[in-house]
Structure formats: structure tokens, C-alpha cells
Amino acid sequence: MVEDGGEEVLVETRTTEDWLFHAQELVPLVIEKVREAKGFPGRWKMIISKLEQIPSHLSDLSSHPCFSKNTLCKEQLHAVSKTLAEAIQLVELCVGEKYVGKLQMQSDLDALSAKLDLNLRDCGLLIKTGVLGEATLPSAVACSSAEPEPATRELLARLQIGHLEAKHRSLDSLVELMKEDERNVLAVLGRSNVSALVQLLTATSPRIQEKAVTVICSLAESGSFENWLVAEGVLPPLIRLAESGTTVGKEKATISLQRLSISAETARSIVGHGGVGPLIGICRTGDSVLQAAAAGTLKNLSAVPEVRHTLTGEGIVRVMINLIDSGMLLGSKENAAECLQNLTAGNDSLRRSVISEGGIRSLLVYLDRPLPQESAVGALRNLVGLVSIQILVPLGLLPRLVHVLKAGSLGAQEAAASVICRICSNTEIKRLVGEAGCIPLLVKMLEAKTNGAREIAAQTISSLVTFSQNRREVKKDENGVPNLVQLLDPNPQNTAKKYAVSCLGSLSSSKKCKKLMISYGAIGYLKKLSDMDIPGAKKLLERLERGKLRSLFSRK
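Numbering (the UniProt record's numbering), first residue to last: 1 to 556.
Written as C-alpha cells, this is what we have:
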């Protein structure tokens, strides 16, 4: 609100009460003079209606307990007084018909009307936001205080009041303050402050947009302001900045969208506001950081089933495959792989689209790189059912799955085991899987910490052991039978038990295996599983008990 150094001195030399008295004196004087103005009756009538509202707003301000202590009150009263002084100057020009041109005077009157609107609005905000009771210290004292909260609240309030340049200066100070003490700023931020920042995203100045979106990006990444940001309409200006902002503006806007799109409801809104096209464009041509953030946002959008066809209509499949092949950052490739995994979940049309665009080959090559593998293997798991195994094997599927089972994360190993289970449709494939070295790795997975990994490992082994050579591999592994017996645990949370019964049933023709099963307590488990009607449990129990009786008689 303070325009230059001279006016700043003028503001400081008078008390808040002096400025109040000065403004109260000016209002009736201005109204009286305006009634004498010649020409432009419609505009002057509108100005009078606004001038008549000023006394009640001044009364509201002056009745606040902290009125005289608040720097913002003094500055606001100075701004009102300055507007009233400008009104007097324009009235005198009109009365004396000394204005240069009619159009210029009309423009000046419109500007005066806008300033009055701003003054009335700002007076209301000072009361409504509650900042009068919070920002009661002079700026210099507050900034040097051990407790910086009043100064921070005052700075945030300045984002909402005054003209654009004053808000810009406040925004500069806020950006610097957040660099020093972001936590303190976030702790006192209110919804009205968030609304003011969102409004600054639509400023005509790219510099203001950059600074506003920098702060908003921090708010989005903090994880505490998503609801306020979205409710205050942050998505459309963020999308516009992502599409056509400055380099910094694009980056911060895209990172903000990535964080906000974690919410499924917000993801739908981003699609509804036309956000897909700009994000796709960034993935095609943006720099490395932008690509990664845009791909991350699209990954979040693709997790919402009802928007997937909109995404594919914008060409997302081809773009994600290109990112996997040649993305500049590892994050871009990882986000693209997860996006394809989401797109191919439960939708044959989208799966065929990924296959026809060459997605399987790209995903397989991705597995050769030192990247997180879970999403890529998950996408392959979604696709293999629609592709002939005779095509997949020559592409190097099996050695890559073995690599994942050896060195991948548990989630990646689980997805790889699921792929193996799905492709084991005939004896030849089961033979190839066994020869590739999968059996020992799957046996090791039976010891995994998660129930899901143990279950898929047991399910895959139960499918593979129908081939004799694979059975021999399980028998050879010293942990094969013991690990399977442990999975006979009748606990309801153990969903691998039915597959463990199936595996052990296939191995029970071996005397050595039966002895191992008995020695590790399989009979006790199977008695409980038989009572639970687990398929194959009763038959396996009878087989083991007969073997136990024969062993007993032979010893006698």
C-alpha cells in the first residue's frame, strides 16, 4: 500500500488515529464535491454509492481492540485517504471542465471506482481474516522477535490486500521467508491466504506467477493443503502454467499437479479441466525434470479406471512406451512403467493397445536396466495372457524373470512369479521354466515375509511340479519340502496352504519326501486342514499315515 519512501515517512509520522480522523473528515467533503460535478452522471453516481459505504467500514476497523496497534490498519487508512484525495482532484477537473479528453476522464473515473472497490474490500478482509488480532507488532520489531509468528501472519495478510504491486512485494518477502523457515509459514497459513496465492497465479506478470506457483508447490508437497488448494480453484491455473508458463512456472506447476493428483477425486478434476493434453505434451518435448513430473501425474491419473479411455484418446500409450525407451531420467521411466501397469489392469482393449504399440519389448528391455522393476513386471503380468508364449520366449522373457527373482524387490519377485504361473499352460513351457533355473528361486520365495509372495510362489510351484523334472528340482532343494510343510499352517491368514497341499501331494510318491513331511509335522497340520475341507488335505494325510504305519511295522 505504501508507494514510495516519501509516502512511507508520511505514514509513519501520523498515528493510526490521525489517519482515521483524516479519512472521516474527507468522506463527507468528497461526497459534497462529487454532487457538484458536471458530466458523467452515471459514473459519479456509482462513485457516490461506494463513498457512502466507507464510514461504516472505518467504524468497523476503529472498533477493533487492536486497531491502534496494527500496522496494516494505519496503511489501510492511508490508502483510503489517498483514494479520497484523488477523488477530490477529479471532481475539481470535472467542475472546471479542465480535463484533457472525455475518454481519458472516463478512464480515470473507472480507475477511481476500482480503487474504491479495492479499499472497501481490503477493509472488510482486515476484519474477516482475523489478522488484526494477530499481526499487532510493527514489522521491524516482529521480524527481530524470537517469536516470528505475528510478522508471518502480517506478511500473509498483505497478500490479500492492496494493489498488485504491493502483493508482489509481499510475495517476494514470503518466498524468502519460506527459504529460511518454511515450517513456521505453513503452521500459520490459513485458507484465505491459500485463496490469495491461487488468485496470484492468474496475474498478468510472469514473475508474480512464478513466485506464487513456487509457494503453492511447497504447499502441495507438504501434504497438508491439498483440499484448500483444490477448493480454491488451483487446478485450472496450474494446468495453464504447465502448458504455457515460463520454465520455472511449468516445472513448479507440473510438480504441484503430480502431488495433488494422488487423490482420485482431484485426478478426475485434472482430466475434466483438460489437463491431459498439456501433460502429454510435456512428456513428448519437456526437459528431464518436467518429463518425470508429468509422467508421475499421468501415472496418478491412470490409477483412476474411469479416465483411462480419455488418457488413451490423447495418445498416452505411445508416449509412455517412448519414455520407457528413451526417457531422460530414471524417474520418467519408472513412472511410465507404472502408468502402463495401471492402464493394462482389467481392460483387454487397453492391453491390446499396449501390445500393438510394442510395449512388451520395451518392458522387457526395461528389466535389463538398474531400475525398480515391480511396475514393469506388473505390466507384463497384465499382458502375457493376450500374447502367445511362442512369441514371449524368443524375446527373452524367462531369463529376465529369473533375474528379477534373484535380485528384484519382493514386490517385483511376486509379480515375476505371477507371470510364470500365467504362462505355464503346457508341458513344454514348464520344462523351459525349470531349465531356466526358476525352481530354487521360487522355493526361496516360500520363506518371504508377505503372505501374498508366499502364496504366488506356492501356486507357481504347484503348477510346475506336474512336470517330472521340476518335481526332481524341488526334491533336490533341501528347503523344498520343509518350506512347503510350513505353509500347511491352518491360520486363516495363510492363503498359501491349499497350494502347499497340492505341491506336497505331487511329491508324496517319493518315500524320502514323505519321511521329510512327517518329520516336519505335516500330519498334525493336515488333520486340521482336513477338518477345514482343504482340497487334497485328507488324501495326503491318509498317504502319510499309511507310510508312517508301514515304517512302524517294519521297525518292529
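Using N, Cα and C, we set each Cβ at its ideal position, and we do this for glycine too.
The model shown is predicted, which means the values in this text are computed figures rather than measured ones.
The Cβ atoms of Glu182 and Ser205 do not sit closer than 8 Å to each other. For Cys217, the uninterrupted alpha helix (DSSP H) segment begins and ends at 206-222. Between Ala220 and Leu159, the C-beta gap is not smaller than 8 Å, which leaves the two residues out of contact. Of the residues assessed, Thr266 falls on the buried side of the cut-off, its CB having 16 or more other CB atoms within 10 angstroms.
Two segments are said to touch when three or more pairs of C-beta atoms, one from each, lie closer than 8 Å; by this definition the stretch 501-520 touches the stretch 533-543. Comparing alpha carbon positions, the residue from Ile31, His168, Gly437 closest to Pro55 is Ile31. Using a C-beta cut-off of 8 Å, the stretch 329-341 makes contact with the stretch 296-311, since at least three inter-stretch Cβ pairs fall below that distance. In chain order, Ser192 place their CB closer than 8 Å to the CB of Lys128, counting only its own chain and leaving out the 5 sequence neighbours on each side. Within the same chain, and ignoring the five residues on either side of Val387 in sequence, the residues whose Cβ sits closer than 7 Å to its Cβ are Ile355, Ile360. A residue is called buried once 16 or more other Cβ atoms fall within 10 Å of its Cβ, and Asn426, having fewer, is exposed. Annotated three-state conformation of Ala448 is coil, per DSSP.
Between the beta-carbon of Gly358 and that of Ile321 there is about 6 Å, and that keeps the pair under the 8 Å contact cut. The DSSP-derived three-state label of Ser388 is coil. Judged by DSSP secondary structure, Leu118 falls within the alpha helix (DSSP H) whose first and last residues are 102-128. In the structure shown, Gln493 falls within a coil segment according to DSSP collapsed to helix, strand and coil. Rounded to the nearest angstrom, the Cβ distance from Leu260 to Leu301 is 11 Å, too far for a contact under 8 Å. Around the beta carbon of Leu103, a 10 Å sphere encloses fewer than 16 other beta carbons of the protein chains shown; the residue is thus reported as exposed.
Burial is judged here by how many other beta carbons sit within 10 angstroms of a residue's own beta carbon; His309 has fewer than 16 and is exposed. Asp18 counts as exposed, since fewer than 16 other beta carbons sit within 10 angstroms of its beta carbon.
For Met532, there is no enclosing alpha helix (DSSP H), as DSSP marks it with neither H nor E. Out of Gln341, Leu329, Ser326, the CA that lies nearest to the CA of Val304 is found in Gln341.
Distance from the Cα of Val317 is smallest, within the candidate group Thr344, Gly331, Leu120, for Thr344. Taking C-beta atoms under 8 Å as the contact rule, Ile208 and His168 qualify, at a distance of about 5 Å.
When rounded, the separation of the alpha-carbon atoms in Lys38 and Leu257 is 54 Å. Considering only Glu75, Phe67, Glu86, Ser62, the residue with the shortest C-alpha distance to Leu51 is Glu86.
Assignment of Gln199 by DSSP, reduced to helix, strand and coil, places it in the helix class. By the Cβ-count criterion, Gly434 is buried, with 16 or more other Cβ atoms from all chains shown falling within 10 Å of its own Cβ.
In the three-state scheme derived from DSSP, where H, G and I count as helix and E and B as strand, Met517 is classed as helix. At the C-beta level, Gly408 and Ala417 stay beyond 8 Å of one another. Contact annotation: Val271 and Val319 have beta-carbon atoms that are not nearer than 8 Å. Excluding the 5 residues flanking it on each side, Gly521 has same chain C-beta neighbours closer than 7 Å at Val485, in chain order. Just so you know, the alpha carbons of Leu441 and Lys406 end up roughly 7 Å apart. Take the alpha-carbon of Trp44 and the one of Pro28: they are about 15 Å apart. Spanning the alpha carbons of Asn451 and Asn491 requires a straight line of approximately 11 Å. Distance from the CA of Gly437 to the CA of Gln291, rounded to the nearest whole angstrom, comes to 38 Å. Cβ atoms of Cys513 and Lys475 come within 8 Å of each other, at about 6 Å.
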